[in-house]
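Participant:
Numbering (this note's numbering), first residue to last: 223 to 453.
#1: Would you say the segment 309 to 326 touches the segment 365 to 372, given that touching needs at least three Cβ pairs under 8 Å?
#2: Look at the alpha carbon of residue 298 and the alpha carbon of residue 311, and state the distance between them as a whole number of angstroms.
#3: At what residues does the alpha helix (DSSP H) containing residue 386 begin and finish?
#4: Output yes or no for whether 9 Å exceeds the beta carbon distance between residue 403 and residue 394.
#5: With H, G and I counted as helix, E and B as strand and the rest as coil, what does DSSP make of residue 341?
#6: For the segment 416 to 447, which segments carrying the alpha helix (DSSP H) assignment without a break, of at least 4 residues, lie completely within its bounds, in sequence order?
#7: Work out the CA separation of residue 290 and residue 408 for me, nearest whole Å.
#8: Leaving out the 5 sequence neighbours to the left and right, which residues in its chain are closer than 6 Å to residue 440 when beta-carbon positions are compared?
#9: Return the CA-CA distance between residue 386 and residue 268, expressed in angstroms with no decimal places.
#10: Output needed for residue 433: all residues of its chain with C-beta closer than 8 Å, excluding positions within five of it in sequence on either side, in chain order.
#11: So, helix, strand or coil for residue 378, using DSSP?
#12: May I have a chain-ordered list of the beta strand (DSSP E) segments no shorter than 3 residues that lie completely inside the segment 288 to 319?
#13: Less than 8 Å between the CB atoms is what I'm expecting for residue 358 and residue 314, so what's the real figure, rounded?
#14: Using 10 angstroms around the beta-carbon of residue 446, count the other beta-carbons present and answer buried if the total reaches 16, otherwise exposed.
#15: Under three-state DSSP, which class holds residue 357?
#16: Using the Cα positions of residue 414 and residue 306, report the straight-line distance between them to the nearest angstrom.
#17: Helix, strand or coil: how does DSSP classify residue 413 here?
#18: Do residue 389 and residue 383 come within 9 Å of each other at the CB atom, strictly closer than that value?
#19: Just tell me which of 303, 270, 333 and 281 has its CA closest to the CA of residue 346.
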């Protein structure tokens, strides 16, 4: 190992042993910082460090949304579900952060084997219990959580796409006035195929909500769709 690589590894290990709370152990280095031919070594090292950090936080900070994220990242879904259960039962104000932290990993619950079905059943029960907590949360926080729950429900639906859009439309009506609902409007607009109507709808939304995060999201979607049809 070169001196520079040793220093990099040492810094990461120091962060790990001092309890640095982060969802990623280390940002991916640029080619100038790390030889391209050694990138696989770096990736494997980071995977090991992330797994070690996730295992440590499983015992030390189970009620932290970052712990749930790390456990999902290393595909420790049993641990992730334990973390979500503890948060729902003991730290309800952390429910939005916790479910947002694992939202990108819902695909990991797909499967037809016994283990996947057990994970799915457990997650659905946790979501059902979390929903009971939402009336006690500020409305915006409750909306953030419910937005993820809509995706969870869709993952286990027999008609995922259609039911997702229907549920998302209901969510928008229920939480109208929140940022989460406004952002969800962009998702509904973007759910159809690429067409001039789509671009007109996104333009109309941007004009109706200037200076908002949702308008920025709509502009991004417009650029993404243009890129898609021109590649």
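Positions of the beta carbon are idealized from the N, C-alpha and C atoms, including for glycine.
Facilitator: With the given structure in hand:
#1: Of all C-beta pairs linking the segment 309 to 326 to the segment 365 to 372, three or more are shorter than 8 Å, placing the two stretches in contact.
#2: For the purposes of this step, residue 298 is taken as residue 76 along the chain shown, with counting starting at 1. For the purposes of this step, residue 311 is taken as residue 89 along the chain shown, with counting starting at 1. Roughly 20 Å separates the two Cα atoms.
#3: The residue you call residue 386 lines up with position 164 of the chain shown. Annotation: the continuous alpha helix (DSSP H) that includes residue 386 extends over 382 to 396.
#4: Along the chain shown, one-based indexing puts residue 403 at 181. Along the chain shown, one-based indexing puts residue 394 at 172. Their beta carbons are under 9 Å apart, which means residue 403 touches residue 394 by this criterion.
#5: Sequence index remark: in the chain shown, residue 341 carries index 119 (1-based). In the structure shown, residue 341 falls within a helical segment according to DSSP collapsed to helix, strand and coil.
#6: Listed in chain order, they are 418 to 430.
#7: For the purposes of this step, residue 408 is taken as the residue at position 186 of the chain shown. For the purposes of this step, residue 290 is taken as the residue at position 68 of the chain shown. Between residue 408 and residue 290, the C-alpha separation is close to 27 Å.
#8: Locating residue 440 in the chain shown gives position 218, where the first residue counts as 1. Cβ within range, chain order: 408, 424, 427 and 428.
#9: By one-based count along the chain shown, residue 386 stands at place 164. By one-based count along the chain shown, residue 268 stands at place 46. Going by C-alpha positions, residue 386 is about 35 Å away from residue 268.
#10: Here residue 433 refers to the residue found at position 211 when the chain shown is read from its first residue. Taking C-beta separations shorter than 8 Å and ignoring five residues to either side along the sequence, residue 433 has no partners in its chain.
#11: Numbered from its first residue, the chain shown carries residue 378 at position 156. Assigned with DSSP and collapsed to three states, residue 378 falls in coil, not helix or strand.
#12: Within the segment 288 to 319, no run of beta strand (DSSP E) reaches 3 residues while sitting entirely inside it.
#13: The count along the chain shown starts at 1 and reaches residue 358 at position 136. The count along the chain shown starts at 1 and reaches residue 314 at position 92. Confirmed, about 6 Å.
#14: Indexing the chain shown from 1 puts residue 446 at position 224. So residue 446 counts as exposed.
#15: Reading the chain shown from its first residue, position 135 is the one you call residue 357. Reduced to three states, the DSSP call for residue 357 is helix.
#16: Residue 414 sits at position 192 when you count from the first residue of the chain shown. Residue 306 sits at position 84 when you count from the first residue of the chain shown. Rounded to whole angstroms, residue 414 to residue 306 spans 33 Å at the Cα level.
#17: Taking the first residue of the chain shown as position 1, residue 413 is located at position 191. If DSSP states are grouped into helix, strand and coil, residue 413 belongs with coil.
#18: Looking up residue 383 in the chain shown gives position 161. Looking up residue 389 in the chain shown gives position 167. No, the Cβ-Cβ distance between residue 383 and residue 389 is not below 9 Å.
#19: Reading the chain shown from its first residue, position 124 is the one you call residue 346. Nearest option by C-alpha distance: 303.
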